[in-house]
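Only one structure is covered here, and it is reproduced in the block below.
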Amino acid sequence: MPKLDGRQLRASIFDREGLSSLECDRKHFESKGRQGYSLLINGQIVAVCGASTAGLLHGLSHFQYILETEGLVDLSLAEAPAIELRALHIVLRRLSLDSLFDIVRRARLARFNTLIVMLTDGAALKTYPSTVRADALSKEELREFSKFARENGLNIVPEIKLLTHQQVFLKSSRPELMFNKVTYDPNNKDVYAVVGDYLDEVIDIFGADSVHIGHDEVRGFGVAARRRWLNAGEKPLDANLFFQDVVRLYEMLKKKGVETWMWGDMLLPKQMLAEILQRNFQERADYPEMIDRLPKDVVINDWHYFDEREEYPSIDYFHAKGFRVYGATWHDQSTARKFSGYMASRRWSSSGMIATTWTLAPRGQWEKVHQIITESGSAFWNGG
C-alpha cells in the first residue's frame, strides 16, 4: 500500500452486510446515500470509506484536494452531496486533448459527477454536416477523452445545438434546410436524415445514455430581434414547429434507449424567466403552452446566470408539471450559491445543478474556468 509521510492509505467500499477491517463506522452511511464517504486522517492511518464506488472516488478526490492544498492534517469527517447530479458544461472548440484531461481532473477534485460536452466544429466527426476546424479533435481522441472522463467518475452527456443557433451546424452547408436565418425547418424531412446520422455517431463515440438537444433562445420575436436575427420576409419559428421538433428528436433518441435533455427557457411564462431574458422579453406567442404537450421524461435544464434573487420558482414550475429539472448557472458565484441552496431545499428524489463555462475555455480564459469548477463544485456539493 502507498505510504504518505509514514502513514498508510486504506480505502474501502462500505459493505452493508459486514464492516471491512477499516475504520468505517456504519453511522456515517446510514443516511448519507450512495455518494457518501468518510475520511479519517489520524496517527499512522489515512482511511477513506465509501458507500459505493462513486462515494469512494469522492472521498479519495477530497483527500487528494486536501493533500494538495493543506498537506497532511489530522481530521475526521463524513459527508455526502446535497445535490445528486453535479454537472460541468464545456464547449468543445479550440481545446486540446491535454486541456480536456486537465478539465476532467479538476472536475473530479471538485466532486462533479457529470460532464456536458457541447459539440461544435471542434470535433472531427464523419457525419458532421459542416466544415470542421483544422485543430478539431479526431474520433480516436474523443474516445480517449470519453474513456478518461468515465475513469474519473464523470458521465458524459453530449450536447448538440439542434433547431436553434444553426449558424454553424446546418446554415453554412445546407441552407436549403433552414426555416429562417438561424433556425432549421422541422417540416423538412431531410433535416432528420442529417441529424440522425450525427446522433448515431455521437452516441457511439461517447457511449451516451443521455443527449442534450439544445433548443434555447428561439430568435426573432419583436421588432428589434427580427431586425437582428431574421432576413427580410422571414418569420420566427412557430411554437407548434418547436414542439414538433422536440418530439421528433425525443422519439429518435427513445428508440436508441437514450434520454433527452433540453434547455427550458422557451417553455417558461415571462415572470419565471431568467432576469436577463425578462429585461429583453418579447412576446413568444404560445411557446409556454407547449410544456403540457411534451413527454414527461424529457429532462429540463433551467438556466439563470445573473439573477439577483433568493428563490427560483421556475424549477418548482417544471417539477409540478411532472418533469425532472436541473438548474444551470454560469460565472456569477452568488447566483450559483443561491440557486444551489434553493435546489437543495426542495429535497426531491432527483436534484441536479449544471455549471456552464460557455465561451471561456475556447477563448483561453482558464482562470475563470478554474474558478467556476472550484466554486460551483463546492456550491453544488454543499447546497449553497
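Residue numbers (this note's numbering): 1 to 384.
We put the CB at the ideal spot given by N, CA and C, even for glycine.
Counting C-beta neighbours from all protein chains within 10 Å, is the total for residue i 16 or more, i.e. buried, or is it exposed?
i           : result
residue 224 : exposed
residue 15  : Confidence at residue 15 is low in this model, with a pLDDT of 42, below 50, so the placement of that residue should be treated as unreliable; the coordinate-derived value is given next. Classification of residue 15: exposed, given that the 10 Å Cβ count is below 16.
residue 313 : exposed
residue 69  : exposed
residue 206 : buried
residue 176 : exposed
residue 269 : exposed
residue 79  : buried
residue 229 : buried
residue 330 : buried
residue 351 : buried
residue 73  : exposed
residue 457 : One cannot answer for residue 457 here, as it falls past the ends of the chain, which runs 1 to 384.
residue 337 : buried
residue 35  : buried
residue 220 : buried
residue 381 : buried
residue 359 : exposed
In this structure, what does DSSP give as the bridge partners for residue i?
i           : result
residue 116 : 89 and 157
residue 354 : 87 and 328
residue 178 : 184
residue 303 : 328
residue 259 : 210
residue 162 : 214
residue 123 : 137
residue 76  : 40
Helix, strand or coil, according to DSSP, for residue i in the structure here?
i           : result
residue 249 : helix
residue 210 : strand
residue 131 : coil
residue 231 : coil
residue 320 : helix
residue 365 : coil
residue 311 : coil
residue 338 : helix
residue 286 : coil
residue 67  : helix
residue 104 : helix
Under 8 angstroms, Cβ to Cβ, is there at least one residue of chain B near residue i?
i           : result
residue 145 : Here chain B cannot be found, since the structure has a single protein chain.
Am I right that residue i and residue j are in contact with their C-beta atoms under 8 angstroms? What's the rounded C-beta distance?
i           : j           : result
residue 215 : residue 163 : 5 angstroms
residue 105 : residue 155 : Between residue 155 and residue 105 the Cβ distance is about 16 angstroms, and since that is not below 8 angstroms, they are no contact.
residue 315 : residue 89  : Wrong, their Cβ atoms sit about 17 angstroms apart, outside the cutoff.
Next on the checklist: Taking contact to mean 3 or more Cβ pairs, one atom from each stretch, closer than 8 angstroms, check whether the segment 102-115 and the segment 72-92 are in contact.
Outcome noted: yes
Next on the checklist: Closer than 8 angstroms is the cut-off here; do at least three beta carbon pairs connect the segment 308-323 with the segment 292-300?
Outcome noted: yes
Item to check | Segment contact, 8 angstroms Cβ cut-off, at least three pairs: the segment 137-145 with the segment 178-196 | outcome: no
Item to check | Any 3 or more C-beta pairs closer than 8 angstroms across the segment 333-346 and the segment 299-316 | outcome: yes
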